[in-house]
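Student: Take this structure first; my questions come after.
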Amino acid sequence: MTQANQDVPAASGDRRPEKLGRYQFTAIEQRWQAYWAEHRTFKTLNPGEPGADTTKPKYYILDMFPYPSGSGLHVGHPLGYCATDIIARYKRMRGFNVLHPMGFDAFGLPAEQYAIEHNVHPADTTNKNLDMYRRQLRMFGFSYDWDREVVTCEPKYYKFTQWIFLQMYHSWYDDQCRWTGPDGAAVVGRARPIAALVAELESGAWGVSAALGIVREKEAPGRRRWSDVSEAERRAVLDKQRLAFLDEVAVNWCPALGTVLSNEEVDNQGLSDRGSHPVFRRPLRQWMLRITKYGDRLLSDLDGLDWPEPIKLMQRNWVGRSTGAEVLFPLADKWRIDRDGWVHAERTECSTGKPDFETMPDAIRVYTTRPDTLFGASYMVLAPEHKLVEAITTEAQREAVEAYVVASRHRSDLDRTSDTKDKTGVFTGAFAINPVTGEPVPVWIADYVLTGYGTGAIMAVPSGDSRDFEFATKFQLPIRCVVKPTAHWIEDRLGAMVAGMDAQAASGLDDVSSEFPELADSIAATRDRSAGLSQKTLDVLRGGAGVGKLIAHYVRHCATWGAAFTGKGVAVNSPAPDVTVNVVGAPCDLNGASTEDAMTRITAWLEERGLGRSAVNYKLRDWIFSRQKYWGEPFPVMHDEDGASVALDEDELPLELPPMADFKPTPSADDADTLPLPPLGRAKEWVKVSRDGTSYRRDLNTMPQWAGSCWYYLRFLDPHNEHRFCDAEAEKYWMPVDLYVGGAEHAVLHLLYGRFWHKVLYDLGHVTTCEPFQKLFNQGMIQGFAFKDKRGVLVSEDRVTETSPDHFVVSESDEPVSRVIAKMSKSLKNVVNPDEIIAEYGADTFRLYEMYMGPLDASKPWNTRDVPGLFKLCQRIWRLVVDEMTDGLSPALCDDAPEKDALRMLHKTIKRVGEDLEQLKLNTAIAALFDFVNYMTPLKRRPRAVVEPFVLLLAPFAPHLAEELWRRLGHDTTLAFEAWPEVDEALTRDDEVEIAVQVAGKVKARITVAADADEETISSAALADERVKAALANKTVRKVIVIKGRLVNVVAN
RNA sequence: GCGGCCGUGGCGGAAUUGGCAGACGCGCUAGAUUUAGGAUCUAGUUCCUUAACGGAGUGGAGGUUCAAGUCCUCUCGGCCGCACCA
């Protein structure tokens, strides 16, 4: 199939000697690609470079650069690249300086995994793949400035990835700093050099707390001066502040692969994605980046971005900011309440009226978003990994607790949550004191409490939280209602119970029925129904019986209602009448308060007593930034014999990866307790560093794949700069990215990580915009067809025959199958290789087809059968200009002044194409090109004044064809910088328009009127029409609605 | 479970944002051209019914409106994200 164009390079499939001038796309595309390369047509100059014209507006248009995998480009990749190239070419013609670069994300796990499996070095496979990708990308005729190509695995690139890491290592986050950025933004919080912190400490302005934190208050209990702090403690103080720091965190440790895995790399069986090896949750010392410090700014700065709303929402959810309070629950065997305050059983120095919230020992710290429900906290739960578990567990419970802790360590987060299994947990034997009532409550451990969120411990309020309700029900813990539910909720709940949703609800219903005899009949009557309350029951409820009585019943007996009320309402039982409150000072009474009010009051009450304070929390975790892999950026850090870390100097960068023949991880038994042995550990010579007589070991970890892609858009600005990550002037001129196009699969991680790095650089004064990507656009996925048999099993394309249009059977069995849309995959044999399509139809056809498939952001199936339609478009455009018989210009081409119709068609097309391009509606822009060609084809005379502007409109979409036609029309330079044709609005207007006339909303006739006819004229013309008159017979006209230029609706009856 | 997106001919998809549903392309039908064709050109192509007229129609059911693919309520189906976040 592809031979025609390859074997006969002179003409595509042309064995017909008499036609000399057919559309020879291969030759044309090669010629123009060579021309652009030779003339450096798309070389982009930076401000300051000779010839740079910075008076022109700039446009930075960026693709998400690819990871060069072994299988090469598939048709999904170029979808976005074609779109950005079209926009880039359009913007150039509109007079912009366009920056449109391309590069490669070349570090990462797949290359390493492939290398391990095939026993070749990752550098070799990566280079091979890079060559393939470069060759493939060039086929499409993209107008990239290839001089700016970056490859993240090259030392000259990752030198600055390491440099940015050091910037973070040498910085801390001052969350009280208020400042104005270079872009004029008022910002709260700022990354500042660690040196500035040291200066504050040395001057004595700030001190050190007992927990080695920073204290700004002059008079704080336990505050120490910097000069009184030991060398080792000083280092600990600073290390605790760094944006890049080492910490012991719970990770997915896969001993068989010898590395830590990200959550995405672990399946819901708790096995590794690659190789299905067991994965264990265990604490390991890892490099962390303090992204949580940026939670607020990552949220609030989203508002000013031109991004798809769903993506913004996903980022907001990912950051997951919540507000509430932190509360201390003192342990019951350590603390008691005296008349004067809290008394510790053993440590008299702690026994003060008001405990220090920061340092109070032997207390469980919880985070809650609903402090107003504190009176309903009837037990507590610690995550199994919580630090206090061991200390508080009583002898009687120790065995059970330890068994539970071990069991839960073997389950990943996903495994814990995936199959909606029952809640599990174990009582520790310990009790803690509810600080608002003084009552002791039991402390449990359960894996429904996550160690990484909040404080890793909760106060459980079964009546106000469905998880706590479930747990309390299962383990028969007390449930006390503290928020009065709403009428709407209680009706819904009763409805759900009547519908018999679960056994527990049924028993609750018996209880309600016996207490409310007036409801019993109607409840019984509707009991078999599958859903909800009958109208009759509702009537009874809202009438005599009263929803209020039901609510009162719920408040007394909420456990029987089968579900927690998690909404907002009015506080009750806070405290409950039957509870003897034992607290320091005046008790807090919340009864009758609204949820908002109650939250404020209880938080203030706790704060006064040192037992609580308001708090903000994020779902976002600090970023685990190290991997135990070979193929990534080494950390520019050394460790001395005491384990203290020392950063390399900037002039020691890049720290290159040592060449290693054996880069495999060290596999070990599937035992949670083995320690990671990263491949770099075996580069013995590389690891050892001696400096000033001290010996150090290099850090053995490498950075995750995200690192390189966090800042590549900045390197494109100045890719060959050896001294800086990019020139300041270039950054100022080009940033931010005006349009960033890529797949929605990067909606959260890449885009969040990239924004985070950018903000750090912004805080430190290295970049001048607070956000990197002003406008984001997600292209859809290109899917493939597959076939489904009766049982719903997918059948691959190669096993199916089309018997008649859209009827398919399995070839060997004649079993009918239906065509469905599925992901492109090797197993379904529906992967399309762009090389083949380009060989057969050319790059211009390929570009046009992909853009014409549908809206850019929609997912849609590839259908090779549709491609020839776009090929025909190219051929027809070709024939508008070229005479196929002679290879000269078409005889229809003429220098006549264009007629009004032709001019109107041209200007309508200019308008449509231009407007659609601005909105990235490339499919309808191409439809406009079709319309123009359909109009022009039958014309015997085709004026240049119409054809030439059309060629310019075509240029962004099919640049090779357009360049060729432009040349043949007598121009001797590229059209890449020709001015985009201007629309003359007056010329787009029709003289006459057809207007539909409706009678009672149904079209009865069409009339033709002057385009500028007024309502009066249109109305009378419509009513004068014979068919309208017929439709109006025996009716009275009530109203005539005229929409100028569109329709008339006659309302009559 | 929670959140988001989307359902329009045989297929991919249009529809100035509330104003003629089905632009444009594919496929299909008929015709033209001595046409090697996967070429070109012309006409037709939502469905039902008819000689014509007509009727129905944007997943389904209601509603608002002179007018609904578009707005509202409920519902069914598909895709994506998150997933015990206290």
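In the numbering used here, the protein residues as written are 111 to 1163.
Heads up, the beta-carbon is just placed ideally off N, CA and C, and yes, glycines get one too.
Quantities reported herein were computed from a predicted structural model and do not represent experimental measurements.
1) To the nearest angstrom, how far is it from the Cα of H833 to the Cα of I892?
2) Helix or strand or just coil, what does DSSP make of T538?
3) What three-state label does DSSP hand K497 in the structure shown?
4) For the putative contact between D1100 and A1121, defined by C-beta atoms under 8 Å, what is the C-beta separation to the nearest angstrom?
5) Could you tell me the alpha carbon to alpha carbon distance between D532 and D578, rounded to whole angstroms?
6) Rounded to whole angstroms, what's the CA-CA distance from L730 to P420? Just pull it up for me.
7) Report the rounded CA-to-CA distance for G434 versus K869, giving the unit in angstroms.
8) Using DSSP with H/G/I as helix, E/B as strand and the rest coil, what is C287?
9) Assuming V858 and M424 form a contact by the criterion Cβ under 8 Å, report the distance between their Cβ atoms to the nearest whole angstrom.
10) Could you work out which residue in G890, F439, M995, A1037 is closest to A52 when comparing CA atoms only?
11) Indicate the three-state DSSP secondary structure (helix, strand or coil) for S1130 in the structure shown.
12) Unbroken alpha helix (DSSP H) runs of length 4 or more, entirely within the region 780–823: which are they?
13) Can you grab the Cα-Cα spacing for the pair A321 / V491, in whole Å?
14) Let me check understanding here. Comparing Cα to Cα, which of K798, I226, C820 lies closest to T810?
15) For K1018, does the count of other Cβ atoms within 10 angstroms reach 16, so buried, or fall short, so exposed?
16) Using C-beta distances below 6 Å, list every residue in its chain close to A854, excluding the 5 sequence neighbours before and after it, in chain order.
17) Measure the C-alpha to C-alpha separation of R426 and L990 and round it to an integer number of angstroms.
18) Per the DSSP calculation, V1164 is bridged to which residue(s)?
19) Measuring only the C-alpha atoms, how far is V339 from L307?
20) So A405 is in the alpha helix (DSSP H); what residue range does that whole segment cover?
21) So I196 packs on F1067, CB below 8 Å; how close in whole Å?
22) Please return the same chain residues whose Cβ sits closer than 6 Å to the Cβ of L1013, not counting the five positions on each side in sequence.
23) Spatial neighbours of D993 within its chain, please: C-beta separation below 8 Å, excluding the five flanking residues on both sides.
24) Please report the distance separating the alpha-carbon of M470 from that of A542.
25) To the nearest angstrom, report how far apart K166 and G1024 are at their CA atoms.
26) Is A360 near the ligand SAM, in the sense that its beta carbon is under 7 Å from a heavy atom of that ligand?
27) Compute the Euclidean distance between the alpha carbons of P292 and D173, then round it to the nearest angstrom.
28) Is D852 helix, strand or coil by DSSP?
29) At what residues does the alpha helix (DSSP H) containing P944 begin and finish?
30) Got a sec? Which residues, its chain only, sit under 7 Å from Y962 by beta carbon, not counting five neighbours each side?
31) Identify, in the order they occur along the chain, each residue of the same chain with its Cβ nearer than 8 Å to the Cβ of W821, setting aside the five sequence neighbours on each side.
32) Within 10 angstroms of the Cβ of D257, are there 16 or more other Cβ atoms? Answer buried if so, exposed if not.
33) Answer with buried or exposed for K1139, where buried requires no fewer than 16 other C-beta atoms within 10 angstroms of its C-beta.
34) If you count every other CB in all the chains shown that lies within 10 Å of the CB of W289, and 16 or more means buried, which is it?
35) Classify P926: buried if its beta carbon has 16 or more other beta carbons within 10 angstroms, exposed otherwise.
36) Which first and last residues belong to the alpha helix (DSSP H) in which S518 is found?
Tutor: Once the coordinates are examined:
1) 41 Å
2) T538: strand per DSSP, three-state reduction.
3) coil
4) 5 Å
5) Answer to the nearest angstrom: the Cα atoms are 12 Å apart.
6) 18 Å
7) 27 Å
8) strand
9) 6 Å
10) With the chain covering only 111 through 1163, there is no way to say anything about residue 52.
11) helix
12) 794–797, 816–819
13) 25 Å
14) Correcting the residue identity first, residue 810 is Leu in this sequence and not Thr. When each option's Cα is compared against that of L810, the closest is K798.
15) buried
16) Around A854: N888.
17) 52 Å
18) A question about residue 1164 goes unanswered here, because the residues of the chain that appear run from 111 up to 1163.
19) 15 Å
20) It is worth fixing the name first, because residue 405 is Gly in this sequence and not Ala. Per DSSP, G405 belongs to the alpha helix (DSSP H) from 405–410.
21) Contact between I196 and F1067 holds, since their C-beta atoms are separated by about 6 Å, short of 8 Å.
22) L1097
23) G131, L999, S1000, P1001
24) 14 Å
25) 20 Å
26) Because no ligand of any kind appears in the structure shown, any question about the ligand SAM cannot be addressed here.
27) 27 Å
28) According to the sequence as given, residue 852 is Gly; it is not Asp. It is a strand residue.
29) 944–951
30) L980, N1033, I1036
31) F270, T271, I274, F835, G864, W867, H868, L871
32) exposed
33) exposed
34) exposed
35) exposed
36) 505–519
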